[in-house]
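See below for the structure under consideration.
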Amino acid sequence: MALRLYNTITRRIEPFVPLAPPRVTIYTCGPTVWTYAHLGNFRTFLNQDLLRRYLEYLGYDVFQIMNLTDVDDRIIAEARKAGKTISEHTQPFAEAFFEDRDYLGMQPAHVYPRATGAVESMVRLVQDLLDRGVAYRAEDQSVYFAVEKFEGYGRLSQLDKRELKVGARVESDEYSKENLRDFALWKASTPADEAVGAAWDAPFGRGRPGWHLECSAMALEELRSRFGIATLDIHAGGVDLIFPHHENEIAQSEAVTGQPFSRLWMHGEFLTVEGTKMSKRYGNFLTVRDLREEGVDPAAVRMLFFQTHYRKQFNFSDASLAAAGKGAERIGELHQRLLATVGGTLGGEPGEAGALLERDVGRALDEDLNAPNALAAVSNFVTTANRALDGGEWSPAEAAGNLQILGRVTEVFGILPRRPAEDPELARWVEGKIAERQKARSAGDFSSSDAIRDELAAAGIVLEDTPQGARWKQRGS
RNA sequence: GGCGCCGUAGCCAAGUGGUAAGGCGGAGGUCUGCAAAACCUCUAUUCGGCAGUUCGAAUCUGCCCGGCGCCUCCA
Numbered sequence: 000m001a002l003r004l005y006n007t008i009t010r011r012i013e014p015f016v017p018l019a020p021p022r023v024t025i026y027t028c029g030p031t032v033w034t035y036a037h038l039g040n041f042r043t044f045l046n047q048d049l050l051r052r053y054l055e056y057l058g059y060d061v062f063q064i065m066n067l068t069d070v071d072d073r074i075i076a077e078a079r080k081a082g083k084t085i086s087e088h089t090q091p092f093a094e095a096f097f098e099d100r101d102y103l104g105m106q107p108a109h110v111y112p113r114a115t116g117a118v119e120s121m122v123r124l125v126q127d128l129l130d131r132g133v134a135y136r137a138e139d140q141s142v143y144f145a146v147e148k149f150e151g152y153g154r155l156s157q158l159d160k161r162e163l164k165v166g167a168r169v170e171s172d173e174y175s176k177e178n179l180r181d182f183a184l185w186k187a188s189t190p191a192d193e194a195v196g197a198a199w200d201a202p203f204g205r206g207r208p209g210w211h212l213e214c215s216a217m218a219l220e221e222l223r224s225r226f227g228i229a230t231l232d233i234h235a236g237g238v239d240l241i242f243p244h245h246e247n248e249i250a251q252s253e254a255v256t257g258q259p260f261s262r263l264w265m266h267g268e269f270l271t272v273e274g275t276k277m278s279k280r281y282g283n284f285l286t287v288r289d290l291r292e293e294g295v296d297p298a299a300v301r302m303l304f305f306q307t308h309y310r311k312q313f314n315f316s317d318a319s320l321a322a323a324g325k326g327a328e329r330i331g332e333l334h335q336r337l338l339a340t341v342g343g344t345l346g347g348e349p350g351e352a353g354a355l356l357e358r359d360v361g362r363a364l365d366e367d368l369n370a371p372n373a374l375a376a377v378s379n380f381v382t383t384a385n386r387a388l389d390g391g392e393w394s395p396a397e398a399a400g401n402l403q404i405l406g407r408v409t410e411v412f413g414i415l416p417r418r419p420a421e422d423p424e425l426a427r428w429v430e431g432k433i434a435e436r437q438k439a440r441s442a443g444d445f446s447s448s449d450a451i452r453d454e455l456a457a458a459g460i461v462l463e464d465t466p467q468g469a470r471w472k473q474r475g476s
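So the first sequence is numbered by numbering that gives the first Met the number 0: it starts at 0 and just counts up by one.
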């Protein structure tokens, strides 16, 4: 059993072999902080989070880099509109991104380099490319990458098989390029850029970095300074980044290093809404803050996203989110039940059910991160465990061992529903009500006991009568 | 126009040559004072359509129908 992943560059599922195990370096293209990231963006990030967690589960020592793009056309336009500098404009959105990340329970990347903080290394990279003759300064004072000078350009996106749509890439400000496919490394500064603080000095002229430059510069910077290498193990992003973004990153980086920029390229598919790609452009987007305001449990979101394979589009709907939430709750219920069964038992030895769970989840995730299949295994385990618990078939030790495995596995997905924070005051009130109800029940006064249950329900408290007395929990909220 | 992806039950979704995972929903049952939670049984003779290859196809090939994406600094 070994992990296999789909590699965009070979279009095949292949064994995952890191450059220097147990270390695994991952670069994930992060958000452009011109506004709030939407759920579609987070689908990609969440799938990367799953990859990260599974690699760590397998024992790899992961180093993850996620960039924040904090200078680009949209940011400059928005900053201008608001009369702010770009950093004034992006700061709140960067903070919001981290809040959303934490809310969704994503593992933080090890570093979050920002484009504006890496201008120096970007300038060096451009200079290097100029020195090597694969880049040139055009009449408009911008610096472009000469695509024809880089052998193998277009390998990732299979450009050789395509024909350009007539008129597709011809824009007024690109007339200076020698070749239509050449792309900007450094854009000569304009008054608009200067007005919002988006211009830097460089030997080849004052300007700002092109979009693709930052990822190459920052990734190489981190790899070189920390590990003395120039090749990533995994580079991940959304499918829309295959071309031109990642294609250009490869060209820029490899033209300088002569080494593969990344051994593996992973691309996640889109989230759609009513069949159409979720996008700011179409206005059909939802943000994480929207969900938070509705009181959605992040476990439901994770469950929903992981129920579809990352390389397949899937359509978001409130109904499917609610259904996924129910599924996550069922797993959470069992988790609680096992905790109660285990009591203070330490250690424990996993039984057959736990071993099966671990094996099936591993098999599924090993095959290109087949999370849907892995979750099916979890679900089967839940049924098996509940049945065993109903029949009193598990000793505390066996329950403890199985619980440990369930915990390890669900940790990979991060799908255990959040338990409401302990509120002593609320707890005291609820316990009081439960005692009151119990008294009524013992006396056979069921209309009173039901009234109390209704009262609690109205407060969002759900009761479950068990042989050990009433359990309670907060619903939804 | 070029390149690519998808179409599986009421809904969501695995499965890519050997006879349809899983979740949600629904029906009935067990347990319960009634519930809740859990469990049990049932819920696709069939995988967009039509041909073909094969002992055998949801899985391979061809055509058709329907939907989506990239080629636009969009995850």
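Glycine residues also receive a C-beta, built at the ideal position from the N, C-alpha and C atoms.
Test item: CB-CB of residue i and residue j under 7 Å
{"i": "Arg477", "j": "Lys186", "result": "Any answer about residue 477 is impossible in this case: the structure gives the chain only from 0 up to 476."}
{"i": "Gly477", "j": "Gly347", "result": "Lying outside 0 to 476, the shown extent of the chain, residue 477 is not represented and no answer is given."}
{"i": "Ala218", "j": "Tyr59", "result": "no"}
{"i": "Thr484", "j": "Asp71", "result": "One cannot answer for residue 484 here, as it falls past the ends of the chain, which runs 0 to 476."}
{"i": "Leu402", "j": "Leu337", "result": "yes"}
{"i": "Gly29", "j": "Met65", "result": "yes"}
{"i": "Arg52", "j": "Val287", "result": "no"}
{"i": "Ser120", "j": "Ala229", "result": "no"}
{"i": "Thr84", "j": "Asp69", "result": "no"}
{"i": "Lys311", "j": "Glu268", "result": "yes"}
Local conformation of residue i per DSSP, three classes
{"i": "Lys438", "result": "helix"}
{"i": "Gln47", "result": "helix"}
{"i": "His334", "result": "helix"}
{"i": "His37", "result": "strand"}
{"i": "Lys276", "result": "strand"}
{"i": "Leu364", "result": "helix"}
{"i": "Ile12", "result": "strand"}
{"i": "Thr256", "result": "helix"}
{"i": "Phe62", "result": "strand"}
{"i": "Asp172", "result": "Confidence is the limiting factor: at Asp172 the pLDDT is only 47, short of 50, which leaves the residue's position unreliable and the question unanswerable from this model."}
{"i": "Val125", "result": "helix"}
{"i": "Ser261", "result": "strand"}
{"i": "Leu18", "result": "coil"}
{"i": "Asn314", "result": "strand"}
{"i": "Val341", "result": "helix"}
{"i": "Thr84", "result": "coil"}
{"i": "Val23", "result": "strand"}
{"i": "Gly468", "result": "strand"}
{"i": "Val165", "result": "Confidence at Val165 is low in this model, with a pLDDT of 49, below 50, so the placement of that residue is unreliable and no value is reported for it."}
{"i": "Thr89", "result": "helix"}
{"i": "Arg358", "result": "helix"}
{"i": "Pro190", "result": "helix"}
{"i": "Asn178", "result": "coil"}
{"i": "Gln251", "result": "helix"}
{"i": "Arg519", "result": "Any property of residue 519 remains undetermined from this structure, which presents the chain solely from 0 to 476."}
{"i": "Pro423", "result": "helix"}
{"i": "Ala477", "result": "Here the chain comprises residues numbered 0 to 476, so residue 477 is not present and cannot be evaluated."}
For residue i: DSSP bridge partner residues
{"i": "Pro208", "result": "Trp185"}
{"i": "Ile460", "result": "Gln473"}
{"i": "Tyr5", "result": "Ile12"}
{"i": "Gly267", "result": "Gly237"}
{"i": "Val110", "result": "Ile64"}
{"i": "Thr307", "result": "Answer by DSSP bridge pairing: none, since Thr307 is not bridged."}
{"i": "Thr31", "result": "Thr68"}
{"i": "Thr286", "result": "His37"}
Start and end residues, beta strand (DSSP E) containing residue i
{"i": "His234", "result": "Leu231 to Gly237"}
{"i": "Phe144", "result": "Val142 to Phe144"}
{"i": "Ile228", "result": "Segment: none, Ile228 is in no beta strand (DSSP E) and carries neither H nor E."}
Where the alpha helix (DSSP H) through residue i begins and ends
{"i": "Met541", "result": "In the structure as shown, the chain starts at 0 and stops at 476, and residue 541 therefore has no counterpart that could be examined."}
{"i": "Thr408", "result": "Looking at the sequence shown, residue 408 is not Thr but Val. Here the alpha helix (DSSP H) through Val408 covers Pro395 to Phe412."}
{"i": "Ala134", "result": "Per DSSP, Ala134 belongs to no alpha helix (DSSP H); it is in the beta strand (DSSP E), Ala134 to Arg136."}
{"i": "Phe380", "result": "Ala370 to Asp389"}
{"i": "Phe481", "result": "This structure leaves residue 481 out entirely; the chain is present only between 0 and 476."}
{"i": "Val556", "result": "Coverage of the chain is limited to positions 0 through 476, which leaves residue 556 absent and any answer about it impossible."}
Handout entry: the region 91-101 / the region 136-147 touching (three or more Cβ pairs under 8 Å)
Key = A contact between stretches requires three or more CB pairs, one per stretch, nearer than 8 Å, and the region 91-101 fails this requirement with the region 136-147.
Problem - At least 3 beta-carbon pairs within less than 8 Å: the region 196-212 vs the region 241-260 - result: Put simply, the region 196-212 touches the region 241-260. At least three CB pairs are less than 8 Å apart.
Exercise for the section: Determine, using beta-carbon pairs with one atom in the region 450-457 and one in the region 421-441, whether at least three such pairs fall under 8 Å. Expected result: For the pair of segments examined, the region 450-457 was found to touch the region 421-441: the number of CB pairs separated by less than 8 Å reaches three.
Problem - Touch test, the region 324-339 against the region 307-315, Cβ-Cβ under 8 Å, three pairs minimum - result: The region 324-339, when compared against the region 307-315, does not touch it at the 8 Å Cβ threshold.
Practice task
Specify whether the region 188-198 and the region 40-55 touch according to this definition: at least 3 beta carbon pairs, one from each stretch, less than 8 Å apart.
Solution key: No: the two stretches stay apart, fewer than three of their Cβ pairs being nearer than 8 Å.
Practice task
May I ask you to verify whether the region 350-362 touches the region 372-381, counting CB pairs closer than 8 Å and requiring at least 3?
Solution key: These segments touch.
Problem - Inter-stretch contact (C-beta, 8 Å, three-pair minimum) for the region 380-397 and the region 289-309 - result: Under the three-pair Cβ rule at 8 Å, the region 380-397 does not count as touching the region 289-309.
Handout entry: Three or more C-beta pairs below 8 Å linking the region 229-236 and the region 256-263
Key = A contact is defined here as three or more CB-CB pairs under 8 Å, and the region 229-236 meets this definition with respect to the region 256-263.
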